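Following: one structure in structure tokens, then a few remarks.
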Amino acid sequence: MLKTVFFTICLFCLPSVFAKQSIIFINPGHADTNVTGPFWFEVSQLMRDAAKDFDLDLTIHYANRNHIEMKSLVAKALKAKPDMLILVDEKSVLTQQLLSLKHISTPIYFLLNRPSEQELKQLIDHGINIAGSVVPDNKQAGQLLADKLIEQTQHAANIFAINGDYTTHAALDREHGLEQSVQTHDNATITAKTVANWSTTQAYRQGLGYFSHQPSINIVWAANDAMAIGAIAALDELNKRKDVRVGAINWPLRVVAEKIDVTIGGHVTLGAFALVNIYDLLNKHATGPMHHEMAIFSQHNEQTLKLVEQIHSDNLAINFRVFSKAHENPLPFSVESLLLEATKSAL
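Spelled out as structure tokens, the structure:
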């Protein structure tokens with residue numbers, strides 16, 4: 001009887017022992033598909049699946065591409081004091097916000113866009129606990145997409161580059177990868193380039209102008225699939241689609257993928273990888289570097305198409321625990337490993 005009473009008292013006195021570890025993710029995008037595509041929705045879906053596998057309490061807030069709203073959400077999340085806060089440092093706006101605040105005790109993990117090395121040092125010197133980060137190798141993405149498109153062009157490759165923005169590391173690195181590819185191909189030239197803010201509508205409007213005034217364009221390199229679809233709409237309207245190869249970064253759903261000649265993706269999975277790392281960090285399983293840059297990109301194929309369909313149907317069956325350092329034989333986190341795990345159950 002006394003043992004039972006003592007145990008009951010312990011339960012009330014130490015509730016945190018049995019509480020789930022809490023994670024808040026400030027998603028800079030939308031909760032559903034919109035003019036910038038479904039990428040951020042897909043990131044969240046995979047993260048939810050990984051959180052279930054690790055029994056983590058994951059809360060996701062959406063900034064809807066509004067940096068003012070994103071800052072507000074970050075401030076609220078810091079007051080909630082989760083075990084880990086996941087941030088996407090688009091255009092370095094969050095770095096400046098964090099440096100303006102005092103007494104931040106919550107560990108922070110950066111996903112997909114992280115501060116520069118100098119900015120990270122400033123944050124650490126400011127007393128902020130930077131737990132780690134994971135970003136894709138966006139130069140690899142930009143170069144791989146350009147290489148695949150140029151390979152499909154028998155004559156001179158006159159490229160129209162549509163980038164997402166002027167400032168994020170992801171956009172700048174993708175453009176750098178494009179430039180590296182062009183330097184290695186004697187027949188390739190960047191004939192024109194623009195920024196369409198990741199938007200189908202803006203890419204369509206700009207495409208109409210460029211395709212009308214620069215008829216030599218025969219390749220469209222787009223930094224995401226939404227902008228590629230906008231460019232294709234403009235080509236269709238001008239009756240020029242058959243003369244231009246179009247490529248994009250992101251793995252779209254089949255109905256979109258069938259309209260684009262080349263698609264490169266894989267970085268949509270890195271939110272799940274962040275949760276694997278965070279689980280290991282919180283539970284003292286982590287080994288190796290804090291910060292990761294992943295050469296995760298590969299060309300869209302039938303298997304990855306089915307994987308994206310599973311993400312949208314909320315029917316994903318990947319066991320993300322096999323990537324944790326706590327697993328007896330942890331697998332390397334890669335597209336190949338993810339497809340292998342998915343194949344075991346459904347693909």
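Residue numbers for the sequence shown follow our numbering, so the first one is 1 and each next one is one higher. Built from N, CA and C at the ideal position, the CB exists for glycine as well. No experiment lies behind these values; they were computed from the predicted model shown.
Judged by beta-carbon spacing, residue 305 lies beyond the 8 Å limit of residue 241, meaning their Cβ atoms are not closer than that value. If you draw a 10 Å sphere on the C-beta of residue 90, you find 16 or more other C-beta atoms in it, and that means buried. In this chain, residue 221 is not harboured by any alpha helix (DSSP H); it is covered by the beta strand (DSSP E) spanning 219–222.
Here residue 316 carries a coil assignment [DSSP, helix/strand/coil]. According to DSSP, residue pairing for residue 263 in a beta bridge involves 248. If you look at residue 288, you'll find it isn't in any alpha helix (DSSP H); DSSP assigns it neither H nor E. Its Cα nearest to that of residue 265, the residue 42 stands out among 202, 29, 42 and 33. Between residue 217 and residue 185, the C-beta spacing is not below 8 Å. Residue 84 places its beta carbon less than 8 Å from that of residue 278. Proximity to residue 167 across 116, 182, 183 and 146 peaks at 116, based on C-alpha coordinates. Linking residue 171 to residue 330 through their CA atoms gives a straight-line distance of about 32 Å.
Residue 177 and residue 139 have their C-alpha atoms some 4 Å from each other.
Per the Cβ contact rule, the region 154–167 is not in contact with the region 116–129 (fewer than 3 Cβ pairs under 8 Å). Residue 232 is positioned such that its CB atom lies no closer than 8 Å to that of residue 247.
Boundaries of the alpha helix (DSSP H) harbouring residue 54: 39–54, taken from the DSSP string.
Taking 3 residues as the minimum length, the beta strand (DSSP E) runs contained wholly in the region 158–226 are 188–195 and 219–222, in order along the chain. Residue 135: member of the beta strand (DSSP E) spanning 130–136, first to last residue. Residue 281 and residue 109 have their C-alpha atoms some 11 Å from each other. Proximity of the region 285–304 to the region 123–140 meets the contact definition, three or more beta-carbon pairs being nearer than 8 Å. A contact is defined here as three or more CB-CB pairs under 8 Å, and the region 67–85 fails this definition with respect to the region 44–54. Sorting 212, 273 and 200 by C-alpha distance to the C-alpha of residue 192 places 212 at the top. The region 47–120 is shown to contain whole beta strand (DSSP E) runs of 3 or more residues at 57–62, 84–87 and 108–111, in chain order. Shown here for residue 97: same chain residues with a beta carbon closer than 7 Å to its own, the five before and five after excluded, namely 71 and 74 in chain order. Annotated three-state conformation of residue 333 is coil, per DSSP.
As the crow flies, the alpha-carbon of residue 317 is around 31 Å from that of residue 81. Burial check for residue 164: the Cβ neighbour count within 10 Å reaches 16 or more, so the residue is buried. By alpha-carbon distance to residue 245, the top candidate from 65, 148, 129 and 46 is 148. Pairing residue 196 with residue 87, the inter-Cα distance amounts to about 24 Å. Residue 272 places its beta carbon less than 8 Å from that of residue 50. Exposed is the label assigned to residue 313, since fewer than 16 other Cβ atoms lie within 10 Å of its Cβ. Separation of residue 179 and residue 207 (C-alpha to C-alpha, rounded to the nearest whole angstrom) is 20 Å. If you look at residue 27, you'll find it in the beta strand (DSSP E) that goes 22–27. For residue 253, there is no enclosing alpha helix (DSSP H), as DSSP marks it with neither H nor E.
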